[in-house]
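Count along the sequence shown starting at 1, add 232, and that's the number in this note's numbering. C-beta atoms are modelled at their ideal positions from N, C-alpha and C, and glycine is treated no differently. Structure record follows, encoded as structure tokens.
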Amino acid sequence: MASVYKCETCGVVANEAGHLCDSKQIAGKFDYCGQDFETQNTTMCKSMRKRLRFECSTCGRPSEKPDMVCRPIKVHG
């Protein structure tokens, strides 16, 4: 099973620990939908992608809330 990490600070889930501020390895399930990580073709579930309305203008990291990234810009919605 693929490794999955969760940020202990903000709750964001990613497949690489380096993408998070305070990462902790968790079981292979997405917190947002409960779907097995291995069945995903991307780093997040479809329901989460629909909620993403911001991204960091520095690193490009997507977010559903502007306060979850350093320099938020609205991307859609």
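Inset, instruction - Compare the beta carbon distance of Arg-285 and Lys-306 with 8 angstroms and say whether it is the shorter of the two. - result: Contact flag set, yes.
Inset, instruction - Pull up the distance between the alpha-carbon of Met-237 and that of Gly-243, whole angstroms please. - result: It is worth fixing the name first, because residue 237 is Tyr in this sequence and not Met. Between Tyr-237 and Gly-243, the C-alpha separation is close to 10 angstroms.
Inset, instruction - Could you tell me the boundaries of the beta strand (DSSP E) in which Ser-255 lies? - result: Residue range 255–258 is occupied by the beta strand (DSSP E) that includes Ser-255.
Inset, instruction - Compute the Euclidean distance between the alpha carbons of Cys-253 and Lys-282, then round it to the nearest angstrom. - result: Taking the straight line from one Cα to the other gives about 23 angstroms.
Legend entry - Simplified DSSP assignment, three categories, for Lys-306: Three-state result, Lys-306: strand.
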